[in-house]
Amino acid sequence: MTDHIDFLDEISNPLDSVEDILSGQDWSFNRMNDDELTVTVAARHGTYRMVFLWQEQFSAMQFSCQYNLSIPTDHRGLMANALMDVNADVWLGHFDLPANGTPCFRHTSLFRGQTQTSGADFVGDLMEIAVAECERYYPLFQMMSDTGTMDHSLLKLAAQDTAGEA
Numbered sequence: 001m002t003d004h005i006d007f008l009d010e011i012s013n014p015l016d017s018v019e020d021i022l023s024g025q026d027w028s029f030n031r032m033n034d035d036e037l038t039v040t041v042a043a044r045h046g047t048y049r050m051v052f053l054w055q056e057q058f059s060a061m062q063f064s065c066q067y068n069l070s071i072p073t074d075h076r077g078l079m080a081n082a083l084m085d086v087n088a089d090v091w092l093g094h095f096d097l098p099a100n101g102t103p104c105f106r107h108t109s110l111f112r113g114q115t116q117t118s119g120a121d122f123v124g125d126l127m128e129i130a131v132a133e134c135e136r137y138y139p140l141f142q143m144m145s146d147t148g149t150m151d152h153s154l155l156k157l158a159a160q161d162t163a164g165e166a
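Heads up: the sequence shown begins at 1 in full-length UniProt numbering, then just goes up one per residue.
The following block contains the structure:
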């Protein structure tokens with residue numbers, strides 16, 4: 001049992017790996033404390049705020065990639081239905097609409113058993129997947145952030161995968 005406890009004490013904070021990845025890209029980030037780091041990333045459709053939270057007790061990292069959009073209160077019922085459809089197609093993580101109305105992609109990962117290298121690889125992959133998924137569904141969230149009238153058929157159209165670019 002002592003070996004198990006010693007092993008748990010040796011798990012490194014994955015936010016250190018996140019910091020290394022971001023520094024390697026020359027990206028500006030904010031490390032508020034040992035357990036929280038944020039970075040803003042520009043992509044094709046929009047700008048995303050990535051938030052990394054480390055929970056040492058569970059050796060878990062919560063990650064979110066937040067859109068720079070806000071869903072009006074009167075669209076949140078339709079958005080909840082759309083999120084059920086979207087989340088059924090997402091293999092890793094899920095989309096969420098917190099009380100503040102800012103949609104985000106979220107994923108929580110356990111880091112027990114990860115090495116510094118495997119943890120860094122995982123975090124890099126997670127960031128790449130999150131931006132790809134956020135870009136994939138950007139038209140849907142953009143449409144929902146509009147204060148105009150919404151209906152279910154428009155949402156279905158916005159949530160469809162597209163081929164190519166216009």
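Note that beta-carbon positions come from the ideal geometry of N, C-alpha and C, so glycine has one too.
task = List the endpoints of the continuous alpha helix (DSSP H) containing residue 19.
result = 14–24
task = Would you mind stating whether residue 123 and residue 12 have Cβ atoms separated by less than 7 Å?
result = no
inquiry  = If I measure Cβ to Cβ from residue 86 and keep anything under 8 Å in the same chain, skipping five residues before and after, which residues do I get?
reply    = 95, 137, 140 and 159
query = Would you call the CB atoms of residue 53 and residue 62 closer than 7 Å?
reply = yes
task = Output the distance between the C-alpha atoms of residue 110 and residue 76, rounded to the nearest integer angstrom.
result = 31 Å
query = Among 104, 143, 112 and 121, which one has its Cα closest to the Cα of residue 132?
reply = 104
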